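Chemist: Below: one structure in structure tokens.
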Amino acid sequence: MRALTLFIYLFLIKVTLLAQLPESNIFQLEIKKDAQGNLKLQKLTLLTSLNTKGYNNHPHLVGDSLLFYSSAAKGASNPDIYKLNTSIGKLVRFTDTKEGEYSAITMPNKRDIGVLRMEFWPKDTLQRIWSLPLNGQNQGKPILANQMNIGYFRWVSDQGVITFELGNPQTLWYRRLDETAAAMITTLPGRCFRVTENGELYYIQKAKPGEPSFIYRTKAIYSSESPKIPIIMPLNQQEDFAILKDGTLIMAEGAKIYQFHPDKNANWKLLVDLSNFPLKKITRMEINGSENKLVLVAQ
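The sequence shown lines up with residues 982 to 1280 when you count with the numbering used here.
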């Protein structure tokens, strides 16, 4: 009975993913810092002007001008990965498959990119991480081939990855890529989590009945002995956030973007209000390595 319940739960999740590709667009903001290190976001630019009525999501910045994202025309059900040079406006279709691809993130080796591929088999739909060469020389291969219900992922190193795995309940894991070791970090995680350059993992622990959600910090190469340090409650149960190298968290609610640093702020502080622009709900955000660009998804 439990196995049947889990099957139905996973089936409903996948049907939902297939059916719902909401209209969304990707925008870019410039990040500026003054002499005191105070942040300022400015110059909002629409990056998906060629598909404003379609689905544009899961942005990933590489350097100062290269953006990978998942996109589908209005009415389509299976997005592909596109590559946009934001400096010159050149747009290239990176994948062209019958499957759906999401969450493109360059791999630590800098030669390949990982994508979450929804694979349609006769009796099932799999969600696995695939490694694709950036030069397009081959069709790529699945990573963690035996893990077939992955919803989101983040690289830890060339040997490990953090995975958000669908199920009842949903779970967050650290897994070695050679599949020789794995450790479950938590149940009921939020969909957004971040791995920092110094090997820390930030994630949202979603609320259980009667309890608040919290953003936590722990070791990315996780073990059962790794401490879990609470940072702050997310804004009104929001699930998406970004993080700067100094530990500043960035989170949005509606059309407003906030910041929080545990050593500088007692609570979330308003960074910019974009309510006067044609966007209502900001979700995913990504910051490039130079920390001078922030891209966001908005509906």
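We put the CB at the ideal spot given by N, CA and C, even for glycine.
Since the model is a prediction, treat every value here as computed from it, not as a measurement.
Whose C-beta lies closer than 6 Å to the C-beta of residue 1255 among residues of the same chain, with five residues either side of it excluded?
Modeler: 1236
Chemist: Using a 10 Å radius around the Cβ and a threshold of 16 neighbouring Cβ atoms, would you call residue 1277 buried or exposed?
Modeler: By the neighbour-count criterion, in which a residue is buried when 16 or more other Cβ atoms sit within 10 angstroms of its Cβ, residue 1277 is buried.
Chemist: So, are the CB atoms of residue 1132 and residue 1153 less than 7 Å apart?
Modeler: no
Chemist: For residue 1002, count neighbouring Cβ atoms within 10 angstroms of its own Cβ and tell me buried if that reaches 16, exposed if not.
Modeler: Buried.
Chemist: Looking only at its chain, what residues have a beta carbon closer than 8 Å to the beta carbon of residue 1262, apart from the 5 residues adjacent to it on each side?
Modeler: 1235, 1236, 1279, 1280
Chemist: In the DSSP assignment, find the beta strand (DSSP E) that holds residue 1195 and state where it starts and stops.
Modeler: 1195-1200
Chemist: So, is residue 1009 buried or exposed, given that buried needs 16 or more other C-beta atoms within 10 angstroms?
Modeler: Label assigned to residue 1009: buried.
Chemist: Which residue or residues does DSSP assign as beta-bridge partners of residue 1267?
Modeler: 1276
Chemist: Counting only runs that start and end within the region 1104-1140, where is the beta strand (DSSP E) found for 3 or more residues in a row?
Modeler: 1105-1114, 1122-1124, 1131-1136
Chemist: For residue 1014 and residue 1104, what's the separation of their Cα atoms in angstroms?
Modeler: 53 Å
Chemist: For residue 1219, report the span of its beta strand (DSSP E) as first-last.
Modeler: Taken as a continuous stretch (DSSP letters only), residue 1219 belongs to no beta strand (DSSP E), as it is neither H nor E.
Chemist: Using C-beta distances below 7 Å, list every residue in its chain close to residue 1204, excluding the 5 sequence neighbours before and after it, in chain order.
Modeler: 1164
Chemist: Please state the DSSP three-state secondary structure of residue 1032.
Modeler: helix
Chemist: Taking the C-alpha atoms as reference points, what is the distance between residue 1201 and residue 1096?
Modeler: 20 Å
Chemist: Which residues in the same chain as residue 985 place their Cβ atom closer than 6 Å to its Cβ, once the five residues preceding and following it in sequence are excluded?
Modeler: Low confidence applies here, because residue 985 scores a pLDDT of 42, under 50, leaving its location unreliable and the question unanswered by this model.
Chemist: Report, in whole angstroms, the separation of the C-beta atoms of residue 1231 and residue 1222, which I expect to be a contact under 8 Å.
Modeler: Beta-carbon to beta-carbon, residue 1231 and residue 1222 are separated by about 6 Å, close enough to satisfy the 8 Å threshold.
Chemist: For the ligand MG, any of its heavy atoms closer than 6 Å to the Cβ of residue 1174?
Modeler: For the ligand MG, the structure offers nothing, since it holds no ligand at all.
Chemist: Kindly indicate which three-state DSSP category residue 1018 falls into: helix, strand or coil?
Modeler: Residue 1018 falls in the coil class under three-state DSSP.
Chemist: With DSSP as the reference, label residue 1082 as helix, strand or coil.
Modeler: It is a strand residue.
Chemist: For the beta strand (DSSP E) that contains residue 1066, what are its first and last residues?
Modeler: 1061-1066
Chemist: Quick check: what's the CA-CA separation for residue 1250 versus residue 1197?
Modeler: 19 Å
Chemist: Once the 5 residues before and after residue 1233 are set aside, which same chain residues still bring their CB inside 8 Å of it?
Modeler: 1216, 1219, 1221, 1239, 1263, 1264, 1266, 1277
Chemist: Counting beta carbon pairs with one atom in the region 1173-1191 and one in the region 1121-1141, are three or more of them shorter than 8 Å?
Modeler: yes
Chemist: By a C-beta neighbour count over all protein chains shown, 10 Å radius and 16 as the cutoff for buried, is residue 1064 buried or exposed?
Modeler: buried
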